[in-house]
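Visitor: The sequence shown runs 8 to 171 under the numbering used here.
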Amino acid sequence: MKFVGHYRITAPRLSVWEALNDTDVLKACIPGCDRIEWVDSENLEASITVNLGLMKPTFVGDLSLSNVEPARAYTLSGGGRGGLLGLARGAADIELQDWGLANEACILKFEAHGEVSGSIEKLGSKIVGKSAQGVIDRFFSRFAAQIDAEAIPVETEEPAASDQ
8 MKFVGHYRIT APRLSVWEAL NDTDVLKACI PGCDRIEWVD SENLEASITV
58 NLGLMKPTFV GDLSLSNVEP ARAYTLSGGG RGGLLGLARG AADIELQDWG
108 LANEACILKF EAHGEVSGSI EKLGSKIVGK SAQGVIDRFF SRFAAQIDAE
158 AIPVETEEPA ASDQ
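1) Closest by CA to Val32, which one among Leu83, Val161, Arg149, Arg96?
2) In the DSSP assignment, what residue or residues form a beta bridge with Asn58?
3) Report the three-state DSSP secondary structure of Ala151 (helix, strand or coil).
4) What are the uninterrupted segments assigned as alpha helix (DSSP H) that are 4 or more residues long and contained completely in the region 13-99, given in chain order?
5) Got a sec, what are the start and stop residues for the beta strand (DSSP E) Lys129 sits in?
6) Please confirm whether Phe146 and Cys40 have their CB atoms less than 7 angstroms apart.
7) Kindly give me the distance between the Cβ atoms of Val123 and Leu94, rounded to whole angstroms, as I take these residues to be in contact under 8 angstroms.
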């Protein structure tokens, strides 16, 4: 599954960067996040409960930052175990660009891909993809509220989600 999005966030790029690296902000923004903690400067541990309709597995796993360009970009990758339901793995490239005459806002671009295995894979990519897209949408809505800004989707030429 692949997800692509661009959001104009009505806050300066540095403020958005700081919030994207603040575990208190992330916990409040990630739907179902029970715990997220820095292990060191590039690694986090997280526990996230995902709503997949009749099933609500909790995934416990690790996240790592790489390709870090402070206040500009990074790659977030990781995976988690959902108990008997299986595994989820994924990665996202995240980039921030100044926007506006006085750089009073920024554009957040992301391109993410993920895969699941085990029993959860049997749900099908449409159900899992729809659930993941819902998590993304709720994340940006909550993120904007946390930093007292707006997150406005910007049209892209690529579809938001696919089975690739």
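Ideal Cβ positions, reconstructed from N, Cα and C, are used throughout, including at glycine. In this text the structure is predicted, and so the values were computed from the model without any measurement.
Guide: Quick look at the numbers:
1) Checked all of Leu83, Val161, Arg149, Arg96; the closest Cα to Val32 is Arg149.
2) Looking at the DSSP assignment, Asn58 forms no beta bridge with any residue, so it has no partner.
3) Looking at Ala151 - three-state DSSP - the assignment turns out to be helix.
4) Listed in chain order, they are 20-27, 30-36.
5) No beta strand (DSSP E) holds Lys129; DSSP gives it neither H nor E.
6) No, Cβ-Cβ distance for Phe146 and Cys40 is not below 7 angstroms.
7) Yes, Val123 and Leu94 are in contact; Cβ-Cβ is about 7 angstroms, under 8 angstroms.
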